[in-house]
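Colleague: First the structure, then my questions, so here it is.
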Amino acid sequence: MFYGKLLLSGILTNQSGISIGQDKSHGISLAKKIVRHPITSVPFIPASSFRGAIRRVLEKEAGKDCHHKTQNDSLDCSVCQIFGVSPNDFPYFMTMPGRLIIRDIFLTEESKLFLKDKLRHSDLTELRFHRATDRITAQSSLYALEEIPAGCHFAFDSIFTIYEKKDINHFKAFLQSLVSLESSSIGANSSRGLGRILFGKWNLEESQMDSGLNLVWHSRKYYEKEESEKNIFYAQDKKNIQEILDNIEIIQKTISQGA
2 MFYGKLLLSG
12 ILTNQSGISI
22 GQDKSHGISL
32 AKKIVRHPIT
42 SVPFIPASSF
52 RGAIRRVLEK
62 EAGKDCHHKT
72 QNDSLDCSVC
82 QIFGVSPNDF
92 PYFMTMPGRL
102 IIRDIFLTEE
112 SKLFLKDKLR
122 HSDLTELRFH
132 RATDRITAQS
142 SLYALEEIPA
152 GCHFAFDSIF
162 TIYEKKDINH
172 FKAFLQSLVS
182 LESSSIGANS
192 SRGLGRILFG
202 KWNLEESQMD
212 SGLNLVWHSR
222 KYYEKEESEK
232 NIFYAQDKKN
242 IQEILDNIEI
252 IQKTISQGA
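According to the numbering used here, the residues represented by the sequence shown are 2 to 260, in order.
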């Protein structure tokens, strides 16, 4: 059965620097391995890294990894239902499709121009210097981390497939993981304060949201060209993830009407 798809999109703001895929090298030199677009060299947040962060949060909240003994256990597991089950995960289980698609998360054009103006170079990143101390020898060494500076805006885009009505519970778990992710981090060096994010377009200096997230419903009839898409929440509604989660009944009602 296929009911439709929920499209959650909008702006993601980084509260602190983000460092994904980079490498650190001692002696102040730096091998620039922060993840960049192969053509434009613009840094971005890979979908695989973001999906991994979501899965980490979901498994931590569940208090265990997905090592199920029976197929029925995986049917009740939000992690399995959201990310799918492959033969590599459970050789004796029936393969199940995932429900979540995350697109690569790119800087907005506005933020690219902002970084070029502030940093005065085309890399769009900054170097932060740290000192590491060996606890046994007490010797220290200086190293640099390449990061995307705080206060940038990224275009976030996700698709969640609803195969049956109870999948709204898995979508709810997905939203809860995004709320938890705002209190956690993405990328490397979170213990040094990197990787903090907020969903929505935030002005960090004024601590206010300029725009929220969009949530759109595409029912099965939409793909059959029998009806148009349904906008559940608009960016101008200025709703963050928690507020969308608090209105899960509205989402559920929209899905039921389009069934």
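We put the beta carbon where it would ideally sit given N, CA and C, even for glycine.
1) Please classify A133: does DSSP put it in a helix, a strand, or coil?
2) Span of the beta strand (DSSP E) holding S220?
3) Just how far apart, CA to CA, sit R52 and H171?
4) Confirm, please, whether the CB-CB distance from R56 to F84 is below 8 Å.
5) Tell me whether Y223 sits in a helix, a strand or coil according to DSSP, three-state version.
6) Residue range of the alpha helix (DSSP H) that A145 falls in?
7) For R37, name the three-state secondary structure that DSSP assigns.
8) Grouping DSSP H, G and I as helix and E and B as strand, with all else coil, what is D158?
9) Let's see if you can read the secondary structure: which residues bound the beta strand (DSSP E) around S17?
10) Quick one: Cα of S26 to Cα of K240, how far?
11) Who are the Cβ neighbours of V180 in its own chain at under 7 Å, not counting the five residues just before and after it?
12) Would you mind sorting R136 into buried or exposed? The rule is 16 or more other CB atoms within 10 Å of its CB.
13) At the level of alpha carbons, what is the spacing between G28 and H219?
14) Please state whether DSSP places F107 in a helix, a strand or coil.
15) Given a cut-off of 8 Å, decide if G152 and L205 are closer than it, judged by their beta-carbon atoms.
16) With I187 as the anchor, note down where its beta strand (DSSP E) starts and where it stops.
17) Within 10 angstroms of its Cβ, does Y4 collect 16 or more other Cβ (buried), or is it exposed?
18) Hey, could you find the ends of the beta strand (DSSP E) Q209 is sitting in?
19) Give the single residue among I149, R132, E127 whose Cα lies nearest to the Cα of L143.
20) With a 10 Å radius around its C-beta and 16 neighbouring C-beta atoms as the bar for buried, classify P44 as buried or exposed.
21) Would you say R197 and N15 are within 8 Å of each other, going by their C-beta atoms?
22) Do I160 and I102 have their C-beta atoms within less than 8 Å of each other?
Modeller: This is what the structure holds:
1) strand
2) 215 to 220
3) 15 Å
4) yes
5) helix
6) Note, A145: premise wrong, no alpha helix (DSSP H); beta strand (DSSP E) at 141 to 148.
7) strand
8) strand
9) Note, S17: premise wrong, no beta strand (DSSP E); not H, not E.
10) Summary for S26: the model assigns pLDDT 46, below 50, so the residue's position carries little reliability, and this model does not support an answer.
11) I242, Q243, L246
12) exposed
13) Confidence in G28 is poor, its pLDDT being 43 and thus under 50, which makes the residue's placement unreliable; the coordinate value appears in the next sentence. Going from the Cα of G28 to the Cα of H219 covers about 53 Å.
14) strand
15) yes
16) That residue, I187, is in no beta strand (DSSP E); it is neither H nor E in DSSP.
17) buried
18) 209 to 212
19) R132
20) buried
21) yes
22) yes
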